[in-house]
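*Asks:* Residue numbers (the UniProt record's numbering): 1 to 325.
Each residue gets a CB set at the ideal place from its N, CA and C atoms; glycine is no exception.
(1) Cβ-heavy atom distance between residue 71 and the ligand COA below 7 Å?
(2) Alpha helix (DSSP H) containing residue 244: first to last residue?
(3) Start and end of the alpha helix (DSSP H) containing residue 108?
(4) From which residue to which residue does the alpha helix (DSSP H) around residue 88 run?
(5) Is residue 44 helix, strand or coil when you go by DSSP?
(6) Less than 8 Å between the beta carbons of residue 197 and residue 291, yes or no?
(7) Using a Cβ-Cβ cutoff of less than 6 Å, which residues in the same chain neighbour residue 87 once the five nearest sequence positions on both sides are dropped?
(8) My assumption, with CB atoms under 8 Å, is that residue 116 sits in contact with residue 51. Please give the rounded CB distance.
(9) Any idea what DSSP makes of residue 193, helix, strand or coil?
(10) Pick helix, strand or coil for residue 167, following the three-state DSSP scheme.
(11) What number of angstroms, rounded off, separates the C-alpha of residue 304 from the C-alpha of residue 271?
(12) State yes or no: is the C-beta of residue 129 within less than 8 Å of the C-beta of residue 138?
(13) In whole angstroms, what separates the C-alpha of residue 78 from that of residue 266?
(14) Among the residues of its own chain, which have a CB less than 6 Å from the CB of residue 193, if the five just before and after it don't count?
(15) Along the chain, where does the beta strand (DSSP E) that runs through residue 70 open and close?
(16) List the residues that DSSP assigns as beta-bridge partners of residue 137.
(17) Pull up the CB-CB distance for residue 201 and residue 160, whole angstroms please, since I reckon it's below 8 Å.
(18) Report the rounded CA-to-CA distance for residue 203 versus residue 170, giving the unit in angstroms.
(19) If you draw a straight line from the C-alpha of residue 5 to the C-alpha of residue 123, how long is it?
(20) Please state the DSSP three-state secondary structure of residue 122.
(21) Per the DSSP calculation, residue 282 is bridged to which residue(s)?
(22) Alpha carbon to alpha carbon, how far is residue 61 from residue 1? Give it in angstroms, no decimals.
(23) Excluding five sequence neighbours on each side, which residues of the same chain lie with their C-beta closer than 7 Å to the C-beta of residue 186?
(24) How many angstroms separate the CA atom of residue 264 from the CA atom of residue 47?
Written as structure tokens, this is what we have:
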């Protein structure tokens, strides 16, 4: 048990040690009292109070930490939703959508929570799960909730993440997303959900890859394949490029900062491109600046790569017509 709290000359609680259990934890006021900590100690400047009845001895600098602080309130039958649930699932979000307030739902007709740093909601047909100790709405329901916040492209990004990839287990399926959307037909976000659903694909490894695919489709490349196998090196090796335009014999590889700063990755990328081009493909390497700052120039590079394949011949005889703007 902690020793009694002292007081300084100005009548404020003097600093004293907290029990070891509370040093790096989020804890309720009741827990502090159970360990002998007096209310005056909890008012000291080294303790934060993210929510009523909750105390923290370390900065809450990410969504999960803030969620843990909220859960410490001990209020049952409340579930994280919308952007908060998306962050807990790991769904990639645009910078503009990373809100600091928590989205929390209760089952209708209960009254939504109303407290500092919380956006409360009441929903019908609540789909609830426990993910890594956190109470969250189910992934398909969260995707529908995101349709009221994100734009159409970002909604596809979220859907791509949920349906999984070769290196990432699926959290939902297109069929489950569609069923959840049908249950909300006519409700907010319905047009965006209807637009996004047929564009969701298995296999995307990142948000930029999904956005790049959508950019190509808007330009008229209707047959854009994701992470398809390509045999190289006299068919002794199989690679999976990010995106494929099979009709034009063009591959696109998105390269994040890790490809630029890691020497081994950089050398591997060069060898990978050589193998793909030796197999008769033209490879367009795409960076963040290409996609987000100069998309028109990027699309011109893709068209140029397709024309070059057409000009010099397609070893597989699979070249198709170029898309129209």
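*Replies:* A quick look at the data gives this:
(1) Among the ligands in the structure shown, none appear at all, so the ligand COA cannot be discussed.
(2) Counting along the chain, residue 244 falls outside any alpha helix (DSSP H), though it belongs to the beta strand (DSSP E) covering 243 to 245.
(3) No alpha helix (DSSP H) holds residue 108; DSSP gives it neither H nor E.
(4) 82 to 89
(5) coil
(6) no
(7) 63
(8) 7 Å
(9) helix
(10) coil
(11) 22 Å
(12) yes
(13) 47 Å
(14) 147 and 181
(15) It is not in any beta strand (DSSP E) - residue 70 instead sits in the alpha helix (DSSP H) that spans 63 to 71.
(16) 128
(17) 6 Å
(18) 10 Å
(19) Note that residue 5 scores 44 on pLDDT, short of 50, meaning its location in the model is unreliable; the coordinates nonetheless yield the value given after this. Taking the straight line from one Cα to the other gives about 45 Å.
(20) strand
(21) 250
(22) Annotation note: pLDDT 39 at residue 1 (below 50); position unreliable, coordinate value reported separately. In a straight line, the C-alpha of residue 1 is about 30 Å away from that of residue 61.
(23) none
(24) 45 Å
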